[in-house]
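**Q** Take this structure, written in structure tokens, and hold onto it; I'll ask about it next.
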Amino acid sequence: SNTSAGNRLSFTLAEPEKNEFGVCSSADSEKPTQYLCFGEERLVAVDDLKIKGAHNLQNALAAIALGYAAGLPLDSMIATLKEFTGLPHRTQFVAEINGVNWINDSKATNVGATKAALVGLQGKHVLIAGGESKGADFSELTDVMKKHCRAVVLIGKDAAIIKAVVPQSIPAVFAADMVAAVRLAQSLAEPGDNVLLAPACASFDMFDNFEHRGDVFMQAVNNLLVEAVPS
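To get this note's numbering, take the position in the sequence shown, counting from 1, and add 170.
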């Protein structure tokens, strides 16, 4: 074991203490680089990880802290973490195409989950949302969209209900199906943005379940990826 008896290892999303895992930033440029750290030791740059979003970083730090306490070597844990794309349909990194990250959060079937994804991911988002609203109140998304979204692409039965809460300053467009939504999102996104599928709705109007919805999204993104690769 890497710890003495009774020595509890903790982690934080802030600057870590001496025997703590956390996130530290380099102060050497206008755009500071974030790192996962153990005390002052930098383990890996956050940008080198395939997982995205604050809650995924939190999960990663928790896993490393547990592994370290169990005596696993840090370097092998970091190597594994660099290849981990996250749990399916939970802010899952799908691909990067022309500087745009495509992220599948089909599991975000309610307003709270979509809000968490919009706030937790760095950068501007083109949000793909909509489906069966189950009478949800989408108004709490307005301020979050204003702050974090470049555009919103709407799908499904209750798309118009969500469109009503999108701030006037942000383009909101309707798409007939997921493939069309992905194409529209691609045209609206700029390098450095995320295209985020976080529907805030149930999937049953168009799909078997949220997994099916996420799979259709990922397939559409993979088709873009094939087109983006020069033959």
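Don't be surprised by glycine CBs; every beta carbon is placed ideally from N, CA and C.
So is L297 buried or exposed if we call it buried at 16+ other beta carbons inside 10 Å?
**A** Taking the first residue of the sequence shown as position 1, residue 297 is located at position 127. Flag for L297 reads buried.
**Q** L366: which of T255, A197, V323, A224 sits nearest, CA to CA?
**A** Your numbering for residue 366 matches position 196 in the sequence shown. Of T255, A197, V323, A224, the residue nearest in Cα terms is V323.
**Q** Nearest CA to the CA of F380: which residue from V281, A368, E253?
**A** Along the sequence shown, read from residue 1 onward, the residue named residue 380 stands at position 210. Checking every option, the nearest Cα to that of F380 belongs to A368.
**Q** Taking just the CA atoms, how far does K222 sit from L206?
**A** To locate residue 206, count along the sequence shown from 1; it is residue 36. To locate residue 222, count along the sequence shown from 1; it is residue 52. So the alpha carbons of these two residues sit roughly 13 Å apart.
**Q** Put S180 into one of helix, strand or coil per three-state DSSP.
**A** Working through the sequence shown from its first residue, we reach residue 180 at position 10. Correct three-state label for S180: strand.
**Q** Which residue or residues does DSSP assign as beta-bridge partners of H295?
**A** Here the question's residue 295 lines up with position 125 in the sequence shown. DSSP lists C319, N364 as partners of H295.
**Q** Counting Cβ pairs closer than 8 Å, one from the stretch 238–252 and one from the stretch 326–343, do we hit at least three?
**A** As far as the Cβ criterion goes, the stretch 238–252 does not touch the stretch 326–343, which means the pair count is below three.
**Q** Tell me whether N353 sits in a helix, a strand or coil according to DSSP, three-state version.
**A** Start at 1 with the first residue of the sequence shown, and residue 353 comes out as number 183. In the sequence as presented, Asn is not what sits at residue 353; that position holds Arg. In the structure shown, R353 sits in a helix (DSSP, three-state: H, G or I).
**Q** Going by DSSP, what residue range makes up the beta strand (DSSP E) through L231?
**A** Stepping through the sequence shown from its first residue, residue 231 is reached at position 61. Counting along the chain, L231 falls outside any beta strand (DSSP E), though it belongs to the alpha helix (DSSP H) covering 224–239.
**Q** What number of angstroms, rounded off, separates the C-alpha of K220 from the C-alpha of L394?
**A** One-based indexing of the sequence shown puts residue 220 at position 50. One-based indexing of the sequence shown puts residue 394 at position 224. Rounded to the nearest angstrom, the two C-alpha atoms are 19 Å apart.
**Q** Using a Cβ-Cβ cutoff of less than 8 Å, which residues in the same chain neighbour K316 once the five nearest sequence positions on both sides are dropped?
**A** Taking the first residue of the sequence shown as position 1, residue 316 is located at position 146. For K316, where only same-chain residues beyond five positions count, the Cβ hits under 8 Å are P337, S339, I340.
**Q** Can you give the Cα-Cα distance for C194 and A232, rounded to whole angstroms?
**A** Position 24 of the sequence shown holds residue 194. Position 62 of the sequence shown holds residue 232. Their Cα atoms are separated by approximately 16 Å.
**Q** Classify S174 as helix, strand or coil using the three-state DSSP reduction.
**A** Taking the first residue of the sequence shown as position 1, residue 174 is located at position 4. Residue confidence for S174 is low, a pLDDT of 48 falling below 50, so the modelled location carries little weight; the figure read from the coordinates is stated next. Coil, per DSSP.
**Q** Under 7 Å Cβ to Cβ from G176, same chain only, skipping five residues before and after it: list those, please.
**A** The residue given as residue 176 occupies position 6 in the sequence shown. In this predicted model, G176 has a pLDDT of only 45, less than 50, meaning its place in the structure is not dependable; the value taken from the coordinates is given anyway. Same-chain partners within the cutoff: there are none.
**Q** Hey, how far is the Cα of L124 from the Cα of E397?
**A** Since the first residue shown for the chain is 171 and the last is 401, residue 124 is missing from the structure and cannot be characterised.
**Q** Determine the burial state of N268: buried for a count of at least 16 other Cβ atoms within 10 Å of its Cβ, exposed for fewer.
**A** Start at 1 with the first residue of the sequence shown, and residue 268 comes out as number 98. When all chains shown are included, N268 counts as exposed.
**Q** When the distance is taken between beta carbons, is A235 closer than 8 Å to L291?
**A** Translated into the one-based positions of the sequence shown, residue 291 becomes position 121. Translated into the one-based positions of the sequence shown, residue 235 becomes position 65. No, the Cβ-Cβ distance between L291 and A235 is not below 8 Å.
**Q** Using the Cβ count rule (16 or more neighbours within 10 Å means buried), how would you classify S196?
**A** Start at 1 with the first residue of the sequence shown, and residue 196 comes out as number 26. Per the 10 Å Cβ criterion, exposed.
**Q** Applying the criterion that 16 or more other CB atoms from any shown protein chain within 10 Å of the CB defines a buried residue, is K277 buried or exposed?
**A** The residue you call residue 277 lines up with position 107 of the sequence shown. Under this definition K277 is a buried residue.
**Q** Could you round the C-beta distance between A287 and T261 to whole angstroms and report it? I think they count as a contact, below 8 Å.
**A** As a working mapping, residue 287 is identified with position 117 in the sequence shown. As a working mapping, residue 261 is identified with position 91 in the sequence shown. Going by Cβ atoms, the distance from A287 to T261 rounds to 6 Å, so yes, they are a contact pair.
**Q** Does the separation of the CB atoms of I331 and F308 fall below 8 Å?
**A** Residue 331 sits at position 161 when you count from the first residue of the sequence shown. Residue 308 sits at position 138 when you count from the first residue of the sequence shown. In contact: I331 and F308 (Cβ atoms closer than 8 Å).
**Q** For the candidate residues V281, R212, D275, whose alpha-carbon lies nearest to that of A370?
**A** For the purposes of this step, residue 370 is identified with residue 200 of the sequence shown, where counting begins at 1. Here the closest residue by C-alpha is V281.
**Q** Buried or exposed for S357, please, with buried defined as at least 16 other CB atoms from any protein chain shown within 10 angstroms of its CB.
**A** The residue given as residue 357 occupies position 187 in the sequence shown. Exposed: under 16 other Cβ atoms inside 10 Å.
**Q** For V343, write down the residues that DSSP places opposite it in a beta bridge.
**A** The residue given as residue 343 occupies position 173 in the sequence shown. In DSSP, V343 forms a bridge with V323.
**Q** Is it the case that the Cβ atoms of N364 and H259 are separated by a distance below 8 Å?
**A** Here residue 364 refers to the residue found at position 194 of the sequence shown. Here residue 259 refers to the residue found at position 89 of the sequence shown. Not closer than 8 Å, so no.
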